[in-house]
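Per the numbering used here, the very first residue in the sequence shown carries number 70; after that it's consecutive.
Yeah, the Cβ is synthetic: ideal placement off N, Cα and C, and Gly gets one too.
Okay, structure first, notes after.
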Amino acid sequence: MNIIILAAGKGTRMKSALPKVLHPVAGRSMLSHVLESAGKLSAQPPIVVLGHGAAEVQASFTAGTYRTVLQAEQLGTGHAVMQAVPLCADSAVSLVMYGDVPLIQTETLKQLAALANANTLALLTARAADPMAYGRIVRQAGQVRAIVEFKDASPEQRLIDEVNTGFMALPTAWMKTALPRLQNNNKNGEYYLTDLVALAVADGLSVVTPQPLPPQNKEWEGVNDRVDLEAREREYQVRLATELMRQGVHIIDRSRIDIRGTLTAESEVRIDVGSVFEGEVHLARGVKIGPHCLLKNVQVGEGTVIEAFSHLDGARIGADNKIGPFARLRPGAKLASGVHIGNFTEVKNAELGENSKANHLTYIGDATIGARVNVGAGTITCNYDGVNKHHTVIEDEAFIGSDTQLIAPVRVGRGATLAAGTTLSKDAPADMLTITRAEQKSVKWKRPVKKTVA
Ligand code: UD1
Ligand code: CA
């Protein structure tokens with residue numbers, strides 16, 4: 070199959086310097102979504118018709134994922150397809166897609182393409198609750214005769230609620246004879262691809278349509294402005310969330326979840342409102358995600374609870390952890406099972422062993438912490454001397470008193486206790502209490518009183 074993706078338009082109404090097809094849906098460009106659907110249809114790389122921002126579009130994709138042709142001037146959708154003609158094999162069917170329609174499903178396109186052959190043009194149409202400015206499908210005795218663009222349509226034709234989605238599968242050899250016959254004597258002065266339908270009828274080809282897509286099916290709708298972009302984003306998010314719900318994930322509200330990558334989840338997982346998932350995220354059985362969290366490239370182990378407003382990036386979290394609220398895990402955080410990371414605790418490039426806890430206001434960076442360690446409130450690993458990073462080791466069952474600074478490189482032995490307020494600059498031996506504190510004393514003292522002005 071020759072797949073032709075039209076992507077030369079300017080997208081003026083986006084009011085953006087970014088070429089329209091590079092605007093993201095679910096964190097990646099609309100064109101990448103379209104290429105993904107196309108890739109499942111044919112082994113042949115699709116032909117993308119570029120125009121506005123061609124260099125920028127090309128630069129954003131790996132070479133070889135598609136072929137490109139340039140439409141230097143945007144003279145209409147028919148003219149755009151004409152640019153792809155030299156790359157189209159005559160014997161195969163050609164399928165026309167749009168680069169700004171990111172939600173189109175491979176299955177829909179497969180059914181459409183299967184209807185086309187050497188003598189048959191297949192057209193994807195939709196019933197629209199509000200047909201707006203879409204092209205109208207003109208039928209006679211049930212047979213498609215033509216597509217009339219809204220601007221060129223009569224008042225009666227404008228009442229037609231069956232519209233052109235823009236997706237068309239057609240015999241290539243015939244297409245090559247028909248495209249040069251297109252005229253631009255219409256309201257827009259453009260060479261309309263849609264005029265091929267009347268030409269096909271005149272040439273004795275059959276024009277067929279699958280069942281028109283129902284009004285609630287929006288997969289064919291494109292993006293002309295940022296309002297459309299938001300609508301497609303939400304439809305796509307609802308689609309992803311619905312798939313997860315069908316797999317058994319408890320999502321509290323489909324309209325308040327954002328997945329920008331791949332989210333996989335096992336059974337009994339619950340996701341509260343307002344969270345964003347980026348990159349590759351895996352949630353094992355029974356994981357609970359509280360409201361308004363960000364999880365990016367994170368694996369979460371069985372039974373772990375992530376409380377509200379936690380920001381987790383590049384972390385591996387074991388089973389039965391309790392994270393947050395307001396926790397921050399940065400790349401290289403690796404937590405064994407039963408770990409607790411509480412509010413305003415930041416962990417970076419550090420391992421915590423089984424059942425260790427850092428519940429309040431703490432920074433753990435570049436550290437190896439053993440099992441059953443208690444890190445008191447306000448503890449800081451001083452890992453940076455202004456030039457280099459250094460490592461802290463805390464062995465099993467150590468107890469770190471509140472407001473402790475560990476000046477790395479430093480080691481706390483197994484079972485050691487650091488008194489509150491310790492500034493640890495040498496290793497602390499196992500099983501002993503280490504304390505760095507000026508002795509407490511009490512002196513007689515009279516509080517000053519406020520002077521009265523006469
Ligand atoms: C088109 C159809 C209309 C259909 C609608 C569905 C035509 C004439 N009309 O209208 O029947 O209901 O889509 O969304 O085909 N493009 C180019 N080069 C050009 C012109 C357009 O590459 O010279 C690309 C655009 O970037 C866009 C796509 O083709 O991706 C569609 O063009 P657009 O101008 O948006 O067509 P519509 O007016 O929406
Ligand atoms: Ca459009």
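Do residue j and residue i come within 7 Å of each other at the CB atom, strictly closer than that value?
{"i": "Arg339", "j": "His319", "result": "yes"}
{"i": "Leu119", "j": "Ala77", "result": "yes"}
{"i": "Lys426", "j": "Arg399", "result": "no"}
{"i": "Arg301", "j": "Val292", "result": "yes"}
{"i": "Ala499", "j": "Arg483", "result": "yes"}
{"i": "Leu274", "j": "Leu190", "result": "yes"}
{"i": "Gln226", "j": "Val232", "result": "no"}
{"i": "Ala238", "j": "Leu164", "result": "yes"}
{"i": "Ile328", "j": "Leu309", "result": "yes"}
{"i": "Ala402", "j": "Gly422", "result": "no"}
{"i": "Pro171", "j": "Val94", "result": "yes"}
{"i": "Gln474", "j": "Thr492", "result": "yes"}
{"i": "Ile73", "j": "Val150", "result": "yes"}
{"i": "Thr137", "j": "Val117", "result": "yes"}
{"i": "Tyr469", "j": "Thr503", "result": "Strictly speaking, residue 469 in this sequence is Ile, with Tyr absent from that position. Cβ atoms of Ile469 and Thr503: not closer than 7 Å."}
{"i": "Ala467", "j": "Ala489", "result": "no"}
{"i": "Gly168", "j": "Leu228", "result": "no"}
Report back the beta-carbon spacing between residue i and residue j to the nearest angstrom; my notes put them in contact at under 8 Å.
{"i": "Gly372", "j": "Ala388", "result": "5 Å"}
{"i": "Leu487", "j": "Ala497", "result": "6 Å"}
{"i": "Glu288", "j": "Thr194", "result": "Not a contact, Cβ separation roughly 13 Å."}
{"i": "Tyr135", "j": "Pro114", "result": "5 Å"}
{"i": "Leu207", "j": "Arg214", "result": "The question names Leu, yet the displayed sequence has Val at residue 207. So it is a contact: roughly 5 Å between Cβ atoms."}
{"i": "Val350", "j": "Leu364", "result": "5 Å"}
{"i": "Thr234", "j": "Leu282", "result": "7 Å"}
{"i": "Thr263", "j": "Gly204", "result": "5 Å"}
{"i": "Thr414", "j": "Asp435", "result": "No, Thr414 and Asp435 are not in contact; Cβ-Cβ is about 15 Å, not under 8 Å."}
{"i": "Val367", "j": "Asn390", "result": "Wrong, their Cβ atoms sit about 12 Å apart, outside the cutoff."}
Quick one: what does DSSP say residue i is sitting in, helix, strand or coil?
{"i": "Gly434", "result": "strand"}
{"i": "Gly108", "result": "helix"}
{"i": "Glu415", "result": "strand"}
{"i": "Gln306", "result": "helix"}
{"i": "Glu508", "result": "coil"}
{"i": "Glu299", "result": "helix"}
{"i": "His92", "result": "coil"}
{"i": "His351", "result": "strand"}
{"i": "Glu125", "result": "helix"}
{"i": "Leu144", "result": "coil"}
{"i": "Gln338", "result": "As written in the sequence, residue 338 is Val, which differs from the Gln given in the question. Looking at Val338 - three-state DSSP - the assignment turns out to be coil, as it is neither helix nor strand."}
{"i": "Ser101", "result": "helix"}
{"i": "Arg325", "result": "helix"}
{"i": "Glu420", "result": "strand"}
{"i": "Leu75", "result": "strand"}
{"i": "Leu313", "result": "helix"}
{"i": "Thr486", "result": "strand"}
{"i": "Thr491", "result": "coil"}
{"i": "Thr331", "result": "strand"}
{"i": "Arg516", "result": "coil"}
{"i": "Arg136", "result": "strand"}
{"i": "Arg399", "result": "coil"}
{"i": "Thr81", "result": "helix"}
{"i": "Thr534", "result": "Examination of residue 534 is not possible in this model, given that the chain is present from 70 through 523 alone."}
{"i": "Phe378", "result": "coil"}
{"i": "His361", "result": "coil"}
{"i": "Lys287", "result": "coil"}
{"i": "Asn366", "result": "strand"}
{"i": "Phe130", "result": "coil"}
{"i": "Gly527", "result": "Residue 527 lies beyond the stretch modelled for the chain, which goes from 70 to 523, so this question has no answer here."}
{"i": "Val118", "result": "strand"}
Which residues neighbour ligand 2 when neighbourhood means a C-beta less than 6 Å away from any of its non-hydrogen atoms? List them by chain order.
Gly291, Asn293
Can you give, in chain order, each stretch of the beta strand (DSSP E) that sits fully within the region 148–227 and has at least 3 residues?
162–167, 189–196, 205–209, 212–217
Starting from the N-terminal side, write out each stretch of the beta strand (DSSP E) that is 3 residues or longer and does not extend beyond the region 227–285.
231–240, 275–277
For a minimum of 4 consecutive residues, which ranges assigned as the alpha helix (DSSP H) are wholly contained in the region 424–484?
none
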